[in-house]
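Undergrad:
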Amino acid sequence: MHPTLPLLARTEFPPLARRGLETLQVNLGYTCNQSCLHCHVAASPQRTEQMDADTVDLVLEVLRVRGVRTLDLTGGAPELNRHFRRLVQAARALGVRVIDRCNLTILSEPGQEDLADFLAAQGVEVTASLPCYSAANVDRQRGDGVFERSIAGLQRLNALGYGQPGSGLVLNLVYNPQGPSLPPAQGPLQADYERELMQHFGIRFNHLFALANMPIQRFGSTLVSKGLFEGYMALLRGAHRAENLETVMCRSLVSVDWQGGLYDCDFNQMLGLPAGIGNGGGRGHLRAHLRDLLHTDGAGRAIRVADHCFGCTAGQGSSCGGALEPEPAVMRAA
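According to this note's numbering, the sequence shown is numbered sequentially starting from 1.
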C-alpha cells in the first residue's frame, strides 16, 4: 500500500482550533466482515486490532466526567468488538446519544442475528453504508452479494421501526462516490434514494449523508497507483469553501483509536496524526490519550491539519454527519 501522508503533510489548509467537546467518536477496532476499496480505515476480516475492556471502561468514565452528548461508534465493524453491547447499554443508561456506524451486512453475520433487535431496544441511531441504490455499483465497490444483504438489513431495521415516522428510531444512509469525484448535491441525491428504495424495496430512512472519499489508506493508495492522486487533490482544493470551516466536526469531536489514543478526526487517526490534547500535546512519545480527557476537553487547542482536510470542506463539505452546506454550484457542476 502506498503511504499518502508524505503527499499530504505540506498544506495551505487554514488553521483551526477546537471548541468544547460534544462528540466522542470511538473506533472499537479494525476487524470487519468486509474489505471495501474506499475504506479509509483499511478494515478487513484479517485485521485483529480490538479495543479491550479497560479502555471501554475509560470511554464510559470520560462520558460521565465530561458530560459528552454523543458517542459515535465506528470500526471496522464496531459490532464485532466483544464489548460493543456492554458499552452501548452503559452509555444509553447515562442518557448519551449513541450512533452505530453499521455496514448492514453485519446484521446477517453468524452470531449477530439478534443485533438489529438489540439496537432498536437500546434506541441506537443507525448510520448505515449504502454507496448506491444500484446492486451493480454496490457489489463492485463492496463485493458480490453485498447489495442484497444490505437491502435485507434495511428491511429488517424498517420492520423494527427504524426510519418510520414517529418511531424515534433514526436510520441514516451514507453515500460515497465510486471513484475520484466529488459527491453530488445531497438533497437531490436523497430524493433519488428515497424514490428508488421505496419503489423497489419498500424501504424508508431519515437522512442521506453524501461523503467525499478521503485520499488516504486504500483509496489514496489506489489513486497513487493509477496516477490520479494529484488530480484528485486539485479537485478537492479547487472546491474548498471557507464557510465550511465553521461546521466541520473536528471542532467539537474527538476521535479515539482502539488503544485509547486521541485524534482530531477519524482520518487523522488513520494517518497517525495525534491530537494536541493533554500533556502529550500530540507530539513526541507522550501522545494524547483518553485519560487526558478526564482533565481537559482540549478547547482552544489547535487542530492538526494536512491536505486531506480539503476533503471535508470541498463543495458542500462532508464531515461524518454529511453535507455542511446546501447545494453549491460547484457540486452541481462536478
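Built from N, CA and C at the ideal position, the CB exists for glycine as well.
Remember, it's a predicted structure, so these values are computed and weren't measured experimentally.
DSSP has Asn158 in a bridge; who is on the other side?
TA: The count along the sequence shown starts at 1 and reaches residue 158 at position 158. Partner(s): none; Asn158 has no beta bridge.
Undergrad: Would DSSP call Asn176 helix, strand or coil?
TA: As a working note, residue 176 is residue 176 in the sequence shown. Asn176 falls in the coil class under three-state DSSP.
Undergrad: Going straight from the alpha carbon of Ala159 to that of Val56, what length do you get?
TA: Numbered from 1 along the sequence shown, position 159 holds the residue referred to as residue 159. Numbered from 1 along the sequence shown, position 56 holds the residue referred to as residue 56. Rounded to whole angstroms, Ala159 to Val56 spans 31 Å at the Cα level.
Undergrad: Helix, strand or coil for Gly202, going by three-state DSSP, please let me know.
TA: Taking the sequence shown and counting its residues from 1, the one referred to as residue 202 is at position 202. Here Gly202 sits in coil by DSSP.
Undergrad: Do Asp72 and Ile106 have their C-beta atoms closer together than 7 Å?
TA: Along the sequence shown, one-based indexing puts residue 72 at 72. Along the sequence shown, one-based indexing puts residue 106 at 106. Not in contact: Asp72 and Ile106 (Cβ atoms no closer than 7 Å).
Undergrad: Do Leu171 and Phe205 have their C-beta atoms within less than 7 Å of each other?
TA: Counting from one through the sequence shown, the residue named residue 171 turns up at place 171. Counting from one through the sequence shown, the residue named residue 205 turns up at place 205. Yes, Cβ-Cβ distance for Leu171 and Phe205 is below 7 Å.
Undergrad: Could you pull out every residue in the same chain whose Cβ sits closer than 6 Å to the Cβ of Ser221, ignoring the five residues on either side in sequence?
TA: Residue 221 sits at position 221 when you count from the first residue of the sequence shown. So the qualifying residues of the chain are Met1 and His2.
Undergrad: Can you give me the C-alpha to C-alpha distance between Leu16 and Pro6, rounded to a whole angstrom?
TA: For the purposes of this step, residue 16 is taken as residue 16 along the sequence shown, with counting starting at 1. For the purposes of this step, residue 6 is taken as residue 6 along the sequence shown, with counting starting at 1. Rounded to the nearest angstrom, the two C-alpha atoms are 21 Å apart.
Undergrad: Exposed or buried, what is Asp292 when buried is set at 16 or more other beta-carbons lying within 10 Å of its beta-carbon?
TA: Translated into the one-based positions of the sequence shown, residue 292 becomes position 292. Buried, because 16 or more other Cβ atoms sit within 10 Å of the Cβ of Asp292.
Undergrad: Which of the three DSSP states, helix, strand or coil, is assigned to Gly111?
TA: Here the question's residue 111 lines up with position 111 in the sequence shown. DSSP, reduced to helix, strand and coil, places Gly111 outside both helices and strands of the structure shown, so it counts as coil.
Undergrad: Tell me where the beta strand (DSSP E) around Ala128 begins and ends.
TA: Here the question's residue 128 lines up with position 128 in the sequence shown. For Ala128, the uninterrupted beta strand (DSSP E) run begins and ends at Glu125 to Ser129, by DSSP.
Undergrad: Quick one: measure Cβ to Cβ for Ala306 and Thr11, integer angstroms, because I've assumed they're closer than 8 Å.
TA: Reading the sequence shown from its first residue, position 306 is the one you call residue 306. Reading the sequence shown from its first residue, position 11 is the one you call residue 11. Indeed, because the Cβ distance is near 5 Å, the residues count as touching under 8 Å.
Undergrad: Where does Gln25 land, buried or exposed, given buried means 16+ other C-beta within 10 angstroms?
TA: The residue labelled residue 25 in the question sits at position 25 within the sequence shown. Gln25 should be labelled buried.
Undergrad: Expressed to the nearest angstrom, what Euclidean distance is found between the alpha-carbon atoms of Gln259 and Leu271?
TA: Looking up residue 259 in the sequence shown gives position 259. Looking up residue 271 in the sequence shown gives position 271. Their Cα atoms are separated by approximately 15 Å.
Undergrad: Do you know whose CA, among Gly168, Arg97 and Asn176, lies nearest Tyr133's CA?
TA: Against the sequence shown, residue 133 aligns to sequence position 133. It is Asn176.
Undergrad: Which complete alpha helix (DSSP H) runs does the segment 210-279 hold, if anything under 4 residues is left out?
TA: 217-225, 229-238 and 266-271
Undergrad: Between the Cα of Leu208 and the Cα atoms of Glu196, Gly311 and Thr127, which residue gives the shortest distance?
TA: For the purposes of this step, residue 208 is taken as the residue at position 208 of the sequence shown. For Leu208, the nearest C-alpha among the options comes from Thr127.
Undergrad: Terminal residues of the continuous alpha helix (DSSP H) containing Cys312?
TA: Within the sequence shown, residue 312 is the residue found at index 312, counting from 1. Segment Phe310 to Thr313, the alpha helix (DSSP H) holding Cys312.
Undergrad: Mind checking which residues open and close the alpha helix (DSSP H) that includes Arg66?
TA: Counting from one through the sequence shown, the residue named residue 66 turns up at place 66. Taken as a continuous stretch (DSSP letters only), the alpha helix (DSSP H) holding Arg66 covers Ala53 to Arg66.
Undergrad: For the beta strand (DSSP E) containing Val26, list its first residue and its last residue.
TA: Translated into the one-based positions of the sequence shown, residue 26 becomes position 26. Thr23 to Asn27 is the span of the beta strand (DSSP E), which, as asked, contains Val26.
Undergrad: Phe201: which of Val224, Ser150 and Leu169 sits nearest, CA to CA?
TA: For this step, residue 201 is matched to residue 201 along the sequence shown. Among Val224, Ser150 and Leu169, the Cα nearest to that of Phe201 is on Ser150.
Undergrad: When burial is assigned at 16 or more other CB atoms within 10 Å of the CB, is Val138 buried or exposed?
TA: Position 138 of the sequence shown, counted from the start, is the residue given in the question as residue 138. Per the 10 Å Cβ criterion, buried.
Undergrad: In the structure shown, what three-state DSSP assignment does Val339 receive?
TA: As shown, the chain starts at 1 and ends at 334. That puts residue 339 outside it, with no answer to give.
Undergrad: Taking only three categories from DSSP, how would you classify Thr31?
TA: Against the sequence shown, residue 31 aligns to sequence position 31. The answer is strand: DSSP assigns Thr31 an E or B state.
Undergrad: Whole angstroms are fine: how far does the CA of Arg85 sit from the CA of Arg301?
TA: What you label residue 301 is simply residue 301 of the sequence shown in a count that begins at 1. What you label residue 85 is simply residue 85 of the sequence shown in a count that begins at 1. Straight-line measurement puts the Cα of Arg85 at about 33 Å from the Cα of Arg301.
Undergrad: Can you grab the Cα-Cα spacing for the pair Ala334 / Lys226, in whole Å?
TA: For the purposes of this step, residue 334 is taken as the residue at position 334 of the sequence shown. For the purposes of this step, residue 226 is taken as the residue at position 226 of the sequence shown. Bear in mind that the predicted position of Ala334 carries a pLDDT of just 28, short of 50, making it unreliable; the figure below should be weighed with that in mind. The straight-line gap from Cα to Cα measures roughly 20 Å.
Undergrad: Taking its Cβ as the centre, do 16 or more other Cβ atoms sit within 10 Å of Glu230, making it buried, or is it exposed?
TA: As a working mapping, residue 230 is identified with position 230 in the sequence shown. Exposed is the call here.
Undergrad: Three-state secondary structure (DSSP) at Thr48?
TA: Residue numbering aside, residue 48 sits at position 48 when the sequence shown is read from its first letter. Reduced to three states, the DSSP call for Thr48 is coil.
Undergrad: Just to confirm my understanding: we take Leu189, look at its own chain, exclude 5 residues before and 5 after, and list those with CB closer than 8 Å. What are they?
TA: In the sequence shown, counting from the first residue as 1, residue 189 sits at position 189. Cβ contact annotation for Leu189 (same chain, cutoff 8 Å, sequence separation greater than five): Tyr175, Pro183, Leu208 and Ala210, in chain order.
Undergrad: Whose C-alpha, out of Gly67, Ala53, Asn33 and Asn268, is nearest the C-alpha of Ile216?
TA: For this step, residue 216 is matched to residue 216 along the sequence shown. When each option's Cα is compared against that of Ile216, the closest is Asn268.
Undergrad: Just list the residues that DSSP pairs Arg97 with in beta bridges.
TA: As a position in the sequence shown, residue 97 is number 97, starting the count at 1. Its beta-bridge partners are Thr70.
Undergrad: If you draw a straight line from the C-alpha of Val146 to the C-alpha of Val65, how long is it?
TA: One-based indexing of the sequence shown puts residue 146 at position 146. One-based indexing of the sequence shown puts residue 65 at position 65. C-alpha separation (whole angstroms): 40 Å.
Undergrad: Measure the alpha-carbon distance for Glu61 versus Cys250 and round it to whole angstroms.
TA: What you label residue 61 is simply residue 61 of the sequence shown in a count that begins at 1. What you label residue 250 is simply residue 250 of the sequence shown in a count that begins at 1. Our two residues, Glu61 and Cys250, have alpha carbons roughly 21 Å apart in a direct line.
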